[in-house]
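J.: For reference, the structure I am asking about is given below.
There are 2 protein chains.
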Amino acid sequence: MEINRRNFMKKATIAGLTTVAFTAPAASEPVTVQKSKKKSVPAPTDRIRTGFIGVGNRGQGHLRTCLAMSSADIVSICDISERSLSAAKKLISESNHPEPKVYTGNDFAYLEMLAKEDLDAVIISTPWEWHTRMAVASMKSGAYTGVEVPAATTLDECWDLVNTHEETGVNLMFLENANYDRSFLAILNMVRQDIFSELLHCRCGYLHDLRGVKFNDGIEYDYVPGHPLKFGKEAYAEAQWRGLHSIRRNGDVYPTHGIGPVAKALDINNGNRFLSLSSFATKARGLKKYVDDYGGANHPLAKIQWNCGDIVTSTINCANGETILVTHNCNNPRPHIGDFMVQGTKGLWHEDWKSIYVENQSPVKDAYEADEKWIEKFNHKYWREEGESAAGSGHGGIDYMVLNDFFKAVKENKPAPIDVYDAAAWSAISALSEMSISKGNAPVDFPDFTRGQWIKYRDEKTFASDDKFPMLADRFIKY
Amino acid sequence: MEINRRNFMKKATIAGLTTVAFTAPAASEPVTVQKSKKKSVPAPTDRIRTGFIGVGNRGQGHLRTCLAMSSADIVSICDISERSLSAAKKLISESNHPEPKVYTGNDFAYLEMLAKEDLDAVIISTPWEWHTRMAVASMKSGAYTGVEVPAATTLDECWDLVNTHEETGVNLMFLENANYDRSFLAILNMVRQDIFSELLHCRCGYLHDLRGVKFNDGIEYDYVPGHPLKFGKEAYAEAQWRGLHSIRRNGDVYPTHGIGPVAKALDINNGNRFLSLSSFATKARGLKKYVDDYGGANHPLAKIQWNCGDIVTSTINCANGETILVTHNCNNPRPHIGDFMVQGTKGLWHEDWKSIYVENQSPVKDAYEADEKWIEKFNHKYWREEGESAAGSGHGGIDYMVLNDFFKAVKENKPAPIDVYDAAAWSAISALSEMSISKGNAPVDFPDFTRGQWIKYRDEKTFASDDKFPMLADRFIKY
């Protein structure tokens with residue numbers, strides 16, 4: 001661990017996050033500088049001194065996963081909510097782990113924690129609008145930074161993340177658990193073994209009825225009919241802030257659960273990149289209707305003018321000629337699906353319907369078959385080796401998988417498997433979709449956050465590399 | 480039947496389709512002029528004198544359906560292919576119907592037929608690029624015109640259809656059989672009974688592996704591996720011309736099977752309209768790969784440079800705030816699906832997965848149920864009353880349903896259930912998608928082919944009106 005640099009960062013950070021003359025690589029240095037730095041770093045300790053910024057619902061989920069792992073010490077936690085802090089402390093004490101230092105009292109208590117604690121890793125699980133500034137501060141403190149999704153809500157914030165990483169040489173991992181889905185990792189193996197041949201088109205999205213979450217009074221995780229509808233300061237957890245993004249914004253405010261897995265299948269930032277995007281929004285009806293239906297048309301919240309279209313549909317052009325459809329739909333009654341579809345010139349797969357077709361391999365011409373045998377056959381190394389450990393962790397095991405990959409990267413101080421460039425490119429969809437919609441569905445261009453490096457295959461950054469299967473670069477490209 | 484007008488049109492037509500002083504309403508007259516005209520028309524005969532332009536695969540399908548019906552006399556057929564004419568004549572004689580008059584010999588033989596025969600109805604089933612000019616000539620001849628899909632390939636052609644209809648007062652029905660799908664008509668009933676409440680978003684498309692059709696040597700309906708790949712003049716049926724649309728164009732060249740049912744659910748041209756569209760195309764890989772795989776990389780056809788992206792994704796904005804996703808994908812191995820999805824503020828339905836969810840009605844919260852019971856419960860009048868007659872006709876009965884509706888409209892000389900404005904708006908997607916793609920996915924605007932009339936609910940034009948269920952105008956709007 002780079003203790004000296006970290007201590008230096010700490011001082012810079014506590015001084016108020018102003019610009020300082022870093023000893024870290026200059027902004028113009030190539031991305032791979034981290035790799036050479038790694039060699040001069042002392043061998044990592046086994047125990048990772050970990051701090052948590054945000055221990056609400058999501059932070060507590062990560063806490064539970066961490067406590068079940070052997071690698072992390074929970075040194076400190078930070079939150080502004082007494083309820084969240086108590087729940088977190090209870091989880092820790094029940095696991096017979098030492099009591100963590102607590103930072104609280106104001107929105108910027110996290111800066112004090114980053115300055116005072118000698119942290120190897122920081123996990124950020126706070127409202128979306130806090131992610132970037134906290135991740136920037138954490139990287140500046142020298143701690144390997146894990147940030148929840150989305151990483152940023154504007155293009156400037158995306159650049160802040162990238163610039164800070166390049167200036168400090170400190171890694172950020174984007175904690176996109178959806179990338180660790182067992183089915184999707186098997187499909188990734190199939191993609192890399194050319195089962196679908198050349199990829200053409202993918203679909204993905206986040207289609208999940210979150211109306212209950214957005215009006216939750218905190219008695220249960222979700223709103224319960226008959227309870228009072230709560231929103232804003234009086235409400236619980238995400239209901240305090242998430243709905244604001246439906247009042248003030250119109251775009252795909254939560255794209256990364258969808259785009260993450262697809263981006264990795266398409267080698268985005270690793271020989272391919274997002275070029276441009278157009279977004280379309282339907283009218284906004286769902287949240288108003290929810291208040292009318294469950295609170296009555298005279299409920300004070302019935303007056304809210306919602307801005308965000310119920311269903312936002314974005315189409316992305318990729319440099320290699322593929323297109324991607326991304327859908328956001330969280331304000332209407334509906335089953336939760338990811339709308340994942342991966343299609344190549346030999347076949348295609350639909351996650352939600354567990355259906356697959358591969359030319360000359362599926363038993364009936366032009367008919368889907370159940371994907372079960374394929375998913376089993378191509379089960380990813382992560383799930384073969386860690387499936388049992390993951391069992392019981394959140395979201396069907398993917399919460400374990402993502403933190404396991406995170407702490408592995410922290411221990412080896414290696415580049416993040418889902419890095420700051422991924423965080424920026426995937427999160428950028430939010431801001432770009434708002435721009436496109438506000439411009440009458442005009443196509444808008446993605447920044448190239450890699451500053452040209454995307455064009456090369458950078459094998460040390462290949463997500464979820466499964467030794468059994470050669471990567472694209474080994475199959476076709478060889479450069 | 481308006482015999483006098485038809486004879487007048489016939490003369491105008493044979494004179495070479497030049498502009499003539501029609502006795503029919505001027506272009507500026509309102510659409511509803513047909514309704515008032517209808518009253519002055521003599522009672523229809525029972526037998527409908529019908530002519531066929533095009534008796535290839537699709538025309539023979541219509542012929543079989545007609546021959547099984549009691550209402551139509553096949554007076555004349557027209558085609559340039561001896562093989563098609565022989566097959567058609569054989570079908571007719573085997574059904575013990577009188578031999579039709581045959582028009583052939585050159586591409587414009589249909590003009591002679593329209594001039595010489597005293598036709599009540601004409602059914603056009605020819606290559607796409609002939610549809611508009613034939614439909615225009617047919618309307619000018621005074622015959623109620625049924626035209627296969629798509630009706631037009633450019634915006635000018637769309638206007639030609641509309642202008643001709645308005646100038647002549649003669650009706651055109653767009654023979655979109657997909658609108659008569661049993662499941663979709665049941666869903667239409669559900670939409671009209673507000674089971675899904677206010678509609679927000681629909682998906683649709685034409686996703687069908689037509690590679691075999693595009694290289695067919697004519698030994699079987701589809702290409703058979705081992706046979707020589709044929710394309711263009713040497714090939715059979717659609718393989719003579721359909722692939723050209725993949726060489727010369729890049730867009731959604733075949734949108735109407737998808738958009739038709741969705742347009743009717745969304746009351747397009749009947750209180751709603753398409754405003755604008757953006758289209759995205761993937762790279763073109765499928766047809767080249769097909770030739771490589773089945774003919775070898777040295778096959779002469781392997782040199783073709785294909786233009787049309789394998790998967791074309793278009794998103795449409797509607798005046799009432801809904802969005803529609805339309806997909807075209809015909810050059811890759813895949814099961815045939817329509818990608819139909821209809822979503823409102825209370826629930827949604829996916830045709831391909833036979834899955835539905837309706838808030839507070841589906842048995843498990845946030846979980847799809849099989850759609851079977853719903854489709855049965857809301858089974859449309861057409862299928863309740865005509866389902867047995869339809870059984871055995873093409874495409875699962877919808878070929879019967881569409882021609883049954885056509886001949887019903889012809890007999891009563893009433894406005895077409897799928898009229899010239901629908902034909903224009905739905906077919907316009909092709910040209911608009913090409914424009915959008917060529918302009919870098921820019922949004923492009925739909926013409927309003929109704930010249931402002933779309934804003935009113937025109938109940939005489941309501942598609943598949945089922946007396947049991949009130950229409951939108953009777954539920955909400957009342958104006």
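Heads up: the sequence lines are chains A and B, in that order.
With the working numbering applied, the first sequence has no gaps in its numbers, which climb one by one up to 479 at the end.
With the working numbering applied, the second sequence has no gaps in its numbers, which climb one by one up to 958 at the end.
Don't be surprised by glycine CBs; every beta carbon is placed ideally from N, CA and C.
Express the C-alpha separation of A319/A and T761/B in angstroms, rounding to a whole number.
T.: By one-based count along the second sequence, residue 761/B stands at place 282. By one-based count along the first sequence, residue 319/A stands at place 319. About 10 Å.
J.: Does the distance from the C-beta atom of Y861/B to that of T544/B stay below 8 Å?
T.: Looking up residue 861/B in the second sequence gives position 382. Looking up residue 544/B in the second sequence gives position 65. It is not a contact, given that the beta carbons lie outside the stated cut-off.
J.: DSSP on E369/A, reduced to helix/strand/coil?
T.: The residue you call residue 369/A lines up with position 369 of the first sequence. Correct three-state label for E369/A: strand.
J.: Do you know offhand how far R334/A's Cα is from D209/A's?
T.: Here residue 334/A refers to the residue found at position 334 of the first sequence. Here residue 209/A refers to the residue found at position 209 of the first sequence. If I take the Cα positions, the gap works out to 6 Å.
J.: What number of angstroms, rounded off, separates the C-alpha of E434/A from the C-alpha of F819/B?
T.: By 1-based counting over the first sequence, the position of residue 434/A is 434. By 1-based counting over the second sequence, the position of residue 819/B is 340. Between E434/A and F819/B, the C-alpha separation is close to 27 Å.
J.: At the level of alpha carbons, what is the spacing between T513/A and N811/B?
T.: Lying before the first or after the last residue shown, residue 513/A is absent from chain A, which here runs from 1 to 479.
J.: Considering Cα atoms alone, identify which of T611/B, I559/B, I553/B, D586/B is closest to E596/B.
T.: Here the question's residue 596/B lines up with position 117 in the second sequence. Comparing Cα-Cα distances from E596/B to each of T611/B, I559/B, I553/B, D586/B, the minimum goes to I553/B.
J.: Leaving out the 5 sequence neighbours to the left and right, which residues in its chain are closer than 6 Å to S555/B when beta-carbon positions are compared?
T.: Locating residue 555/B in the second sequence gives position 76, counting from the first residue. Around S555/B: G530, P579, K580, M592, E596.
J.: How about D635/B and V615/B: do their beta carbons lie closer than 8 Å?
T.: Within the second sequence, the letter at position 156 stands for residue 635/B. Within the second sequence, the letter at position 136 stands for residue 615/B. Contact flag unset, no.
J.: Report yes or no: is there a C-beta of chain A within less than 8 Å of the C-beta of I726/B?
T.: Along the second sequence, one-based indexing puts residue 726/B at 247. In terms of beta-carbon proximity, I726/B stays away from the interface with chain A, with every pair separated by 8 Å or more.
J.: Tell me the residue span of the alpha helix (DSSP H) that contains F663/B.
T.: Taking the second sequence and counting its residues from 1, one reaches residue 663/B at position 184. From DSSP, the alpha helix (DSSP H) with F663/B extends over 661-671.
J.: What does A921/B reach in chain A if we use C-beta pairs closer than 8 Å?
T.: Residue numbering aside, residue 921/B sits at position 442 when the second sequence is read from its first letter. Near A921/B (Cβ distances below 8 Å), the residues of chain A are A442, P443.
J.: Per DSSP, C797/B forms a beta bridge with which residues?
T.: For the purposes of this step, residue 797/B is taken as the residue at position 318 of the second sequence. Looking at the DSSP assignment, C797/B forms a beta bridge with F753/B.
J.: Would you call the segment 413-426 of chain A in contact with the segment 205-219 of chain A, where contact means no fewer than 3 C-beta pairs closer than 8 Å?
T.: no
J.: For N317/A, which residues in the same chain have their Cβ closer than 7 Å to its Cβ, ignoring the five residues on either side in sequence?
T.: Within the first sequence, the letter at position 317 stands for residue 317/A. Once the five neighbours on either side are set aside, the close Cβ partners of N317/A are L275, S276, T323.
J.: So with CB distances below 8 Å, who are the chain D contacts of Y847/B?
T.: Here the protein chains are A and B, and chain D is not one of them.
J.: Report the residue ranges of all alpha helix (DSSP H) runs contained in full by the segment 628-653 of chain B; include only those spanning at least 4 residues, in chain order.
T.: Segments of the alpha helix (DSSP H) lying fully in the segment 628-653 of chain B: 634-647.
J.: Classify S84/A as buried or exposed, calling it buried when 16 or more other Cβ atoms lie within 10 Å of its own Cβ.
T.: Start at 1 with the first residue of the first sequence, and residue 84/A comes out as number 84. Result: buried.
J.: Please list the partners that G765/B has in chain A, where partner means a Cβ-to-Cβ separation under 9 Å.
T.: One-based indexing of the second sequence puts residue 765/B at position 286. Neighbours of G765/B on chain A, chain order: L200, T345.
J.: So that I know if they touch, is there some Cβ in chain A lying closer than 8 Å to that of Y995/B?
T.: Nothing can be reported for residue 995/B, as the shown portion of chain B is limited to 480 through 958.
J.: If you compare alpha carbons, which of N650/B, E865/B, P629/B, T632/B is closest to Y623/B?
T.: Counting from 1 along the second sequence, the entry for residue 623/B is found at position 144. Nearest C-alpha to Y623/B: N650/B.
J.: Give a yes or no on whether the minimum CB-CB distance between D310/A and chain B is below 8 Å.
T.: Within the first sequence, numbered from 1, the residue matching residue 310/A stands at position 310. Output row for D310/A: interface = yes.
J.: Mind checking which residues open and close the alpha helix (DSSP H) that includes C545/B?
T.: One-based indexing of the second sequence puts residue 545/B at position 66. That run of the alpha helix (DSSP H) goes 536-547.
J.: Step through the CB atoms of chain A and report whether any lies within less than 8 Å of the CB of A828/B.
T.: What you label residue 828/B is simply residue 349 of the second sequence in a count that begins at 1. Checking the sequence shown, residue 828/B turns out to be Trp, not Ala. Output row for W828/B: interface = no.
J.: Report the residues of the segment 248-282 of chain A with a CB closer than 8 Å to any CB of chain B, ordered along the chain.
T.: S276, S278, F280, A281, T282
J.: H380/A and A178/A look like a contact to me (Cβ under 8 Å); what is the Cβ gap, rounded to whole Å?
T.: Translated into the one-based positions of the first sequence, residue 380/A becomes position 380. Translated into the one-based positions of the first sequence, residue 178/A becomes position 178. That pair is no contact at about 14 Å.
J.: What would DSSP say about A302/A, mapped onto helix, strand or coil?
T.: Start at 1 with the first residue of the first sequence, and residue 302/A comes out as number 302. In this structure, A302/A counts as helix in the three-state DSSP scheme.
J.: Are the C-beta of W130/A and some C-beta of chain B separated by less than 8 Å?
T.: Translated into the one-based positions of the first sequence, residue 130/A becomes position 130. Answer no: the Cβ-Cβ gap between W130/A and chain B never drops below 8 Å.
J.: Assuming I356/A is part of the beta strand (DSSP E), what are its boundary residues?
T.: In the first sequence, the residue the question calls residue 356/A occupies position 356. It spans 355-358 - the beta strand (DSSP E) in which I356/A sits, taken as one unbroken run.
J.: Could you tell me the distance, in whole angstroms, from the CA atom of V122/A to the CA atom of S138/A?
T.: Translated into the one-based positions of the first sequence, residue 122/A becomes position 122. Translated into the one-based positions of the first sequence, residue 138/A becomes position 138. Between V122/A and S138/A, the C-alpha separation is close to 7 Å.
J.: According to the neighbour-count rule (16 or more other Cβ atoms, all chains shown, within 10 Å of its Cβ), is N250/A buried or exposed?
T.: Locating residue 250/A in the first sequence gives position 250, where the first residue counts as 1. When all chains shown are included, N250/A counts as buried.
J.: I need the DSSP call for R488/A, collapsed to helix, strand or coil.
T.: Residue coverage of chain A in this structure runs from 1 to 479, which leaves residue 488/A outside it and unanswerable.
J.: Within a Cβ cutoff of 8 Å, which residues of the same chain sit near A235/A, ignoring the five residues on either side of it in sequence?
T.: The residue given as residue 235/A occupies position 235 in the first sequence. Hits under 8 Å: F215, N216, D217, G218.
J.: Out of curiosity, what's the CA-to-CA distance linking Y589/B and A910/B?
T.: The residue you call residue 589/B lines up with position 110 of the second sequence. The residue you call residue 910/B lines up with position 431 of the second sequence. Each residue's Cα considered, the two are about 26 Å apart.
J.: Identify the continuous alpha helix (DSSP H) that holds L114/A and give its terminal residues.
T.: Mapped onto the first sequence, residue 114/A falls at position 114. Per DSSP, L114/A is one residue of the alpha helix (DSSP H) stretching across 109-116.
J.: Nearest to T126/A by CA position, among D120/A, N106/A, V149/A, L119/A, is which residue?
T.: As a working note, residue 126/A is residue 126 in the first sequence. With distances taken between Cα atoms, T126/A lies closest to V149/A.
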